[in-house]
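Everything on this sheet refers to the single structure shown next.
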Amino acid sequence: MTNWGILGTGNIAKTFASAIKETDRSTLLAVGSRSKDSADLFASTYNCIGFDDYQKLLDDKDINSIYISTPHTSHFELSYKALMNGKSVLCEKPLTMNSSEAMLLINLAKKKQLLLMEAFMYRMHPQTDKIRELVQENFEGKKIEIKASFGFAANVKEDHRLLNPKLGGGSILDIGCYPLSMARMIVGLINGKEFMDPEEYEVQSEINEHGIDLSSEAKLTFSDGSLAYLSSSIKENLDNSVEVTDGKRTLLVRDPWHCGEYNNDNNSLILKEGDKKISEINIDAMGKIYINEINHFDECLKNNIESIKISHKDSYGNAVCLDEWRRLAGVRYDFDEPENNLSSFNKSLFNNKENLIPKIKIEGLDSKVSKLVFGCDNQIDTNHAFSMFDHFYSIGGNVFDTAFIYNDGKSDEHLGRWINSRNLENDVIVLGKGAHTPHCYPEIIRDQLLKSLSRLKIDYIDIYCLHRDNQDVPVKEFIDVLNELKDEGLIKIFGASNWSLKRFQEAIDYADNSNKTPFEALSNNFSLAHMIEPVWPGCESSSGKDFRKFLKKKNIPLFPWSSQARGFFLKDTSEKESYHPADPNLDEQKRVWHSKENLMKRDRCFAMAKEKGFEPIEIALAYVLNQDFPVFPLIGPRNFIETESSVNSLKVQLTKEEMRWLDLN
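So the mapping is simple: our numbering equals the position in the sequence shown, first residue as 1, plus 1165.
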């Protein structure tokens, strides 16, 4: 039996409470409100216990599931508290204010083995099941156009949640999420997937004096060429319909969001060929839209499974797209600034530190260095960066890799804001890089270093590497400048990234002969798979035998990038939790990694993973970690799952024979 507690006493909570009475396996036990009068009135109306404090309801051991119907800005906090109290959660849309909050909740639900579901009630309705069926039958494999709208005239006061920026007001977040989720679902279906995310956005919005979007239109372009035209409004009534067409055949959904709940005469699905109607399908499900949702949640809970109608990946993807839609519309809330008191990321949510990542001493640095290094160039925004950095630091990671050119300087800025907000200037190690092609000249290094320090808001960089080599410049000139910066206290130790063995050795020889400090670190590519050709122009690998012998002899720490060969050891690219523009495509995979030897290594990696009970990509990273010289792989996770997968590689024990076998020796 599902024993419900409802947080909030508004209209949607009342509708949900009424629907519970019509189900077979669900019971409403309690309601929670910030007002005693409101809680008591609701409780007497729906025959349940009333709590005038949310936490009191969450502490009730008889309640196993929570429905959250409060304003958007409280969704994350209440969902987080509910999950931490061992309750499964059905949370009204949008699941959270931003994708980083969604990522954190999804990770927490998985760790707690609890059900978390976003309450897009239309997704659980028989009408939407029929839409899925008709879309696949009529448009699969075709390029389509979608028109989807949701809008109404909200005649409310300025302090109402729809117009209040402190409550996440605006049309995009409140109702734009519906046409967005529908479009992503439909394009995914015609491509044989659960959903697809757009690659390009064009946005036009009407913003009021308080920064709230009264209306917004978004044109989305997908990788298959399909287009979606979305409209949302809280200032006027829109068609509130969905139209799908390939130019010949058209599917019209006249009431996609409420599925005929309030107008049974307008819930038909119409299929046309040109202007000719082929069929009209009526779905008889009056009064059941919330009952369907509750029953679906109950079924998932009973079977201990995640929803297949609104999965975690789908909710996260929708949140990422909402972030981008809002960004392009120019809608920002206080919640978007992680240092703001209202933000979920104002303080670390990972207070219980775990030392899952071991640390090793490197000469010249005051603190020991974690065996994994966090690459900072893949962060969507500041909130995402704060959550990812917090998580990595909480499990023992203390080294962060950034560079002057990463994300047009935002990599430095995100990291600097996080370090300073957490007061970690003396607790983390920054690996910075500068002098990237075409600006790879000795005279440019100081200026770029000072700019990076300004962005990072720190006094020195612990490990500083030249990002590229310029073979037209004598090594002497690079070493001389780096020694000056080290003597001034602007860097602790320095090294090179993407330098050949010949040039790297030449630089060390010059320094030794001149009584100067030599390169003390290297950041080339190194992985089980050897690059056939560079990923990017000017890249260098240190995977060859000669380079490995040199690193062992000199005991030089290696900070390798693409140590997992950029997804080459994944089972398939669909394993990724989210799309990112920097992800390698198949053409790059073939160009860089698809040699006969690499494919053989991949097969062996998969075989060993199956035998040892790990993922192939974890075996591939373990190979790098188990070298006989100091190695600190750079990882570039976009979510907690990817971070934890990399950490899992530290558990893999490889014998010398297994290392040779993986290396085809």
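Note that CB positions come from ideal geometry on N, CA and C, so glycine has one too.
C-beta contact flag for residue i and residue j at 8 Å
{"i": "M1824", "j": "N1791", "result": "yes"}
{"i": "F1659", "j": "K1651", "result": "yes"}
{"i": "Y1455", "j": "T1180", "result": "yes"}
{"i": "A1672", "j": "H1632", "result": "no"}
{"i": "S1559", "j": "E1519", "result": "yes"}
{"i": "S1811", "j": "L1615", "result": "no"}
{"i": "W1169", "j": "S1239", "result": "no"}
{"i": "G1306", "j": "S1397", "result": "no"}
{"i": "F1565", "j": "V1595", "result": "yes"}
{"i": "L1716", "j": "F1794", "result": "yes"}
{"i": "L1354", "j": "Q1301", "result": "yes"}
{"i": "L1299", "j": "L1273", "result": "no"}
{"i": "N1516", "j": "P1503", "result": "no"}
{"i": "C1213", "j": "L1243", "result": "no"}
{"i": "S1253", "j": "L1222", "result": "no"}
{"i": "V1640", "j": "Y1675", "result": "yes"}
{"i": "M1282", "j": "I1475", "result": "yes"}
{"i": "N1763", "j": "E1705", "result": "no"}
{"i": "L1206", "j": "K1295", "result": "no"}
{"i": "A1318", "j": "E1458", "result": "no"}
Residues near residue i in its chain [Cβ-Cβ closer than 7 Å; skip 5 each side]
{"i": "L1269", "result": "L1514 and S1552"}
{"i": "S1814", "result": "E1783, L1786, A1787 and L1790"}
{"i": "N1428", "result": "D1420"}
{"i": "G1334", "result": "R1326, L1327, L1328 and I1377"}
{"i": "R1190", "result": "M1166, T1167 and D1463"}
{"i": "I1309", "result": "I1355, S1391, V1409, T1410 and D1411"}
{"i": "D1404", "result": "S1314"}
{"i": "N1585", "result": "K1622"}
{"i": "Q1636", "result": "R1668"}
{"i": "G1482", "result": "R1349, F1360, D1362 and S1743"}
Rounded Cβ spacing between residue i and residue j (contact assumed at less than 8 Å)
{"i": "P1781", "j": "A1774", "result": "4 Å"}
{"i": "F1797", "j": "P1683", "result": "That pair is no contact at about 19 Å."}
{"i": "S1508", "j": "D1499", "result": "7 Å"}
{"i": "E1371", "j": "D1378", "result": "7 Å"}
{"i": "V1638", "j": "R1611", "result": "Between R1611 and V1638 the Cβ distance is about 15 Å, and since that is not below 8 Å, they are no contact."}
{"i": "L1487", "j": "L1338", "result": "6 Å"}
Simplified DSSP assignment, three categories, for residue i
{"i": "E1382", "result": "strand"}
{"i": "R1756", "result": "helix"}
{"i": "F1462", "result": "helix"}
{"i": "R1497", "result": "coil"}
{"i": "G1732", "result": "helix"}
{"i": "F1669", "result": "helix"}
{"i": "Q1833", "result": "Only positions 1166 to 1830 of the chain appear in this structure, which leaves residue 1833 out of reach."}
{"i": "V1254", "result": "strand"}
{"i": "E1445", "result": "strand"}
{"i": "L1354", "result": "helix"}
{"i": "G1439", "result": "coil"}
{"i": "S1336", "result": "helix"}
{"i": "I1377", "result": "coil"}
{"i": "Y1481", "result": "helix"}
{"i": "A1178", "result": "helix"}
{"i": "I1545", "result": "coil"}
{"i": "T1293", "result": "helix"}
{"i": "Q1818", "result": "coil"}
{"i": "K1221", "result": "helix"}
{"i": "K1312", "result": "strand"}
{"i": "V1812", "result": "helix"}
Cβ shell of residue i (< 8 Å), same chain only, five flanking positions each side left out
{"i": "K1413", "result": "E1438 and G1439"}
{"i": "N1830", "result": "none"}
beta-carbon residue i near the ligand MG non-hydrogen atom, thresh 7 Å
{"i": "W1826", "result": "Absence of the ligand MG is noted for the structure shown, with no ligands found whatsoever."}
Nonlocal neighbours in the same chain, by C-beta distance under 6 Å from residue i, ignoring five residues either side
{"i": "G1760", "result": "In the sequence as presented, Gly is not what sits at residue 1760; that position holds Ser. Cβ within range, chain order: I1697."}
{"i": "F1241", "result": "T1261, E1266 and S1509"}
{"i": "W1826", "result": "none"}
{"i": "D1828", "result": "none"}
{"i": "I1473", "result": "none"}
{"i": "L1493", "result": "Y1366 and V1368"}
{"i": "D1555", "result": "S1513 and F1515"}
{"i": "C1770", "result": "F1734, P1781, I1784 and A1785"}
{"i": "N1303", "result": "R1414"}
What ranges does the beta strand (DSSP E) occupy inside the region 1766-1805, keeping only unbroken runs of at least 3 residues that lie completely in it? Counting only runs of 3 or more residues that sit fully inside the region 1766-1805, no beta strand (DSSP E) segment turns up.
Complete alpha helix (DSSP H) runs within the region 1547-1593 (minimum length 4 residues, chain order): As far as the region 1547-1593 is concerned, its whole alpha helix (DSSP H) runs of at least 4 residues are 1547-1559 and 1575-1586.
Let me know the alpha helix (DSSP H) ranges lying completely inside the region 1686-1723, each 4 residues or longer, listed in chain order. Unbroken alpha helix (DSSP H) stretches of 4 residues or longer found wholly inside the region 1686-1723: 1710-1719, given in chain order.
Output the residue ranges of the beta strand (DSSP E) runs that lie fully inside the region 1225-1287 and measure 3 residues or longer, sorted by chain position. Taking 3 residues as the minimum length, the beta strand (DSSP E) runs contained wholly in the region 1225-1287 are 1230-1233, 1253-1257 and 1281-1284, in order along the chain.
Every unbroken beta strand (DSSP E) within the region 1601-1638, with a cutoff of 3 residues, ordered by chain: The region 1601-1638 contains these whole beta strand (DSSP E) runs: 1626-1631.
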